[in-house]
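Q:
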Amino acid sequence: MHRLTVLSPAKLNLVLDVVGKRPDGFHELRTIFERISLTDQIILTRNKTNKISIRCAHPHVPRGPGNLAFKAAMMLSKDFSISEGLDINIIKNIPVAAGLAGGSSNAAAVLAGLNRLWQIGLNNAQLVDYAARLGSDVAFFLYNSPYALGTGRGELIKPLKINTKLWHLLVTPRVKMLTKDVFTRLKLKLTNKKDNVNILLPFLRKGDLTGLAGALSNGLEPAILSLRPDFIYIKKKLLDAGAIGVCFSGSGPSVFGLAGSQKHAESLRAKFDRRYTQSFVVSTL
Ligand code: ATP
């Protein structure tokens, strides 16, 4: 095989609880990931040089060693002494630095794709080990599961057998928000913590959208809003437009509105000015 095209989906966090700070400086999380239908496309092409190169038209995506997809390819290339070169062409649809884990998903897609293209023969557990070395959100994308519980830094994954298909309008302001800036702003209150994961799961399993709406939560919201207090307007606007529930995803600034159907999600979309926000009708993938 000379070339392989892989899809690289985004994620939402239906719940994101920050449950503590660890000695290594990372935060301990409990989160429910949802894989969604907003995807980048990655074309992996073998070549006869001995270089790995990245192509991507998006201005905020690094084209060298800072790119997580590049890092993933370098790790495998080194560990398995691959002597040939590789072009990684990333067609970016997922907003960058937006709480949707686009970079992490690209890294996972490259790990799984190169395992096939270079015929390395790693099993899923071995791929997950590589994923954890690349970043907290990478591992989720290696499990072929639309929903999962993430613990640790988010890299310990338990796939969840849930058949509910959700629809959302995803709204992303046209600004980058760096995960580390959000965590720096976080003030942890460790008393009286609710177990938001176990509150949400029964509603998700049953497809009870009203219950689900009330159970969506993101412990990073105060930190996101302390950086950009104006972003509360996105939640308000989605609710005013008729979204069943609203929540920030990851470290923001993307917000998703829960909709009852594709048509409902499309009707919410008209409310947002495309000069300031990008919006996407998405479903569980
Ligand atoms: P997370 O929720 O995992 O922190 P995010 O969705 O907030 O991620 P990403 O889109 O993954 O953010 O990008 C975060 C940073 O990673 C960007 O500022 C970008 O410079 C860098 N980056 C590295 N590789 C990639 C990639 N393949 N695609 C997008 N961004 C990348």
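Numbering (this note's numbering), first residue to last: 830 to 1114. Using N, Cα and C, we set each Cβ at its ideal position, and we do this for glycine too.
Report yes or no: do the stretch 871-882 and the stretch 1021-1034 share at least 3 C-beta pairs separated by less than 8 Å?
A: At 8 Å Cβ cutoff, the stretches do not touch.
Q: Might you give, ordered along the chain, the residues of its own chain that have their beta carbon closer than 6 Å to the beta carbon of V848, omitting 5 neighbours on each side?
A: Cβ neighbours of V848 beyond the five flanking positions: E857 and R859.
Q: Mind checking whether the beta-carbon of A902 lies closer than 6 Å to any heavy atom of the ligand ATP?
A: Result no, Cβ not under 6 Å from the ligand ATP.
Q: Could you tell me if D846 is buried or exposed, where buried requires 16 or more neighbouring beta carbons within 10 angstroms of its beta carbon?
A: Counting Cβ neighbours within 10 Å, D846 comes out buried, since at least 16 surround it.
Q: Taking C-alpha atoms, which residue in K907, V1084 and T1113 lies nearest to F1101?
A: For the residues K907, V1084 and T1113, the minimum Cα distance to F1101 belongs to V1084.
Q: Looking only at C-alpha atoms, which of K990, D908 and Y1062 sits nearest to L1033?
A: Ranking K990, D908 and Y1062 by Cα distance to L1033 puts K990 first.
Q: Between the C-alpha atoms of N935 and L897, what's the straight-line distance to the nearest angstrom?
A: Between N935 and L897, the C-alpha separation is close to 7 Å.
Q: In the DSSP assignment, find the unbroken alpha helix (DSSP H) run with G942 in it and report its ends.
A: Segment G931 to L946, the alpha helix (DSSP H) holding G942.
Q: Return the chain-ordered ranges of every alpha helix (DSSP H) run that is complete within the stretch 1034-1099 and spans a minimum of 4 residues.
A: Segments of the alpha helix (DSSP H) lying fully in the stretch 1034-1099: 1038-1044, 1050-1056, 1061-1070 and 1091-1098.
Q: Since I believe L1097 is in contact with L1067 (beta carbons under 8 Å), could you give me their beta-carbon distance rounded to a whole number of angstroms?
A: Yes, L1067 and L1097 are in contact; Cβ-Cβ is about 6 Å, under 8 Å.
Q: Per DSSP, L989 is paired with what?
A: Looking at the DSSP assignment, L989 forms a beta bridge with Y976.
Q: Answer yes or no: the CB of V890 versus the heavy atoms of the ligand ATP, is any distance below 6 Å?
A: Yes, Cβ of V890 sits closer than 6 Å to a heavy atom of the ligand ATP.
Q: Grab me the residues of F1060's own chain with a C-beta within less than 6 Å of its C-beta, minus the 5 sequence neighbours each way, in chain order.
A: Correct list, in chain order: P1082.
Q: For a test of your reading of the model: does the CB of N784 fall under 6 Å from any non-hydrogen atom of the ligand ATP? Yes or no.
A: A query on residue 784 cannot be resolved here, the shown segment of the chain reaching from 830 to 1114 and no further.
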